[in-house]
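First up is the structure itself, then whatever we jot down about it.
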Amino acid sequence: MNGLRRFAFWSGLEANLNKSQLILSKSAMGLRVHLFALLGFQEGILPVKHLGFPLINLRLAADDCKLLLLKVDERLKGLGKLQLSLAAQVQLLQSVISALNIYWAMAFKLPKGIIKPIEAHMHNFLWQGGSDSRMAKVSWKDVFRPRDEGGQEICALEPLNRALMSALMGGYS
1 MNGLRRFAFW SGLEANLNKS QLILSKSAMG LRVHLFALLG FQEGILPVKH LGFPLINLRL
61 AADDCKLLLL KVDERLKGLG KLQLSLAAQV QLLQSVISAL NIYWAMAFKL PKGIIKPIEA
121 HMHNFLWQGG SDSRMAKVSW KDVFRPRDEG GQEICALEPL NRALMSALMG GYS
């Protein structure tokens, strides 16, 4: 409690007791009553959302990423109603959808059970969305290749996620 008072004194910021929650581990159960009385916070339970991410105490599961899949689906459905050329669809996949995926991939190792459905939504948008349905002109894995190799330079999620995780874990220097 002293630390919170000191923080409030120096920063001018105080914890909002109506919005603040305390989430305790099983090892702190003996301190539970004392901590809640001292701090005045409400008891919270996991999972909780913070900055759009689920805060969990275990490894991220596909069920925890349903929000990401829903957002990708909503954005692609909205964009699919537009009369877009193939080049415009590729540009949208590279910018809008990739940015959403990168936001999550920077924080978590995404489970394969979520990567595959997201890439399936991207595939369907590229080959079936837009102004006309079209047959796939190239293999989906070739879409991820650089333009000079015949691809569209769309980021594949699994290698991108591995690269971002290695950077997060200190794999860069």
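173 is the number that full-length UniProt numbering gives to position 173 of the sequence shown; each next residue is one higher, with no gaps.
For glycine and all other residues, C-beta sits at the position ideal for the given N, C-alpha and C.
- Item | In DSSP terms, what Q42 is bridged to | Paired residues: Q21.
- Cβ neighbour criterion (16 or more within 10 Å) applied to N16: By the 16-neighbour rule on beta-carbons within 10 angstroms, N16 is exposed.
- Can you tell me whether DSSP reads P54 as helix, strand or coil? In the three-state reduction of the DSSP assignment, P54 falls in the strand class.
- Check K49 in the structure and name its three-state DSSP category. Under the three-state reduction of DSSP, K49 is assigned to strand.
- Item | 4-residue-minimum alpha helix (DSSP H) runs that sit fully inside the segment 68-110, ordered along the chain | The qualifying runs are 86-92 and 98-105.
- Task: Using alpha carbons as the reference points, say which of F144, K109, A107 and M29 lies closest to E119.
- Result: For E119, the nearest C-alpha among the options comes from F144.
- Item | For K77 and L22, the rounded distance between their alpha carbons | Roughly 38 Å between the two C-alpha positions.
- Could you name the residues of the same chain whose beta carbon sits closer than 8 Å to that of G150, not counting the 5 residues immediately before and after it, in chain order? V138 and D142.
- Item | With 16 other Cβ atoms within 10 Å as the buried cut-off, status of L67 | With fewer than 16 Cβ atoms within 10 Å of its Cβ, L67 is classed as exposed.
- Query: Taking the continuous alpha helix (DSSP H) assigned at S166, which residues delimit it?
  - Reply: Under the DSSP assignment, S166 falls in the alpha helix (DSSP H) whose first and last residues are L157 to L168.
- Item | Three-way DSSP call (helix, strand, coil) for S139 in this model | Annotated three-state conformation of S139 is coil, per DSSP.
- Validate contact between the segment 42-59 and the segment 84-97 using beta carbons, cut 8 Å, 3 pairs: Pairwise C-beta distances place the segment 42-59 out of contact with the segment 84-97, as fewer than three of them are shorter than 8 Å.
- Task: Could you tell me the distance, in whole angstroms, from the CA atom of G3 to the CA atom of L58?
- Result: Near 28 Å, if we compare the C-alpha coordinates of L58 and G3.
- Query: So, are the CB atoms of R147 and E153 less than 9 Å apart?
  - Reply: Their beta carbons are under 9 Å apart, which means R147 touches E153 by this criterion.
- Item | First through last residue of the alpha helix (DSSP H) which encompasses L4 | DSSP places L4 in the uninterrupted alpha helix (DSSP H) bounded by N2 to S11.
- Task: Taking 9 Å as the cut-off, decide whether the C-beta atoms of H123 and L69 are in contact.
- Result: Result no, Cβ atoms of H123 and L69 do not sit closer than 9 Å.
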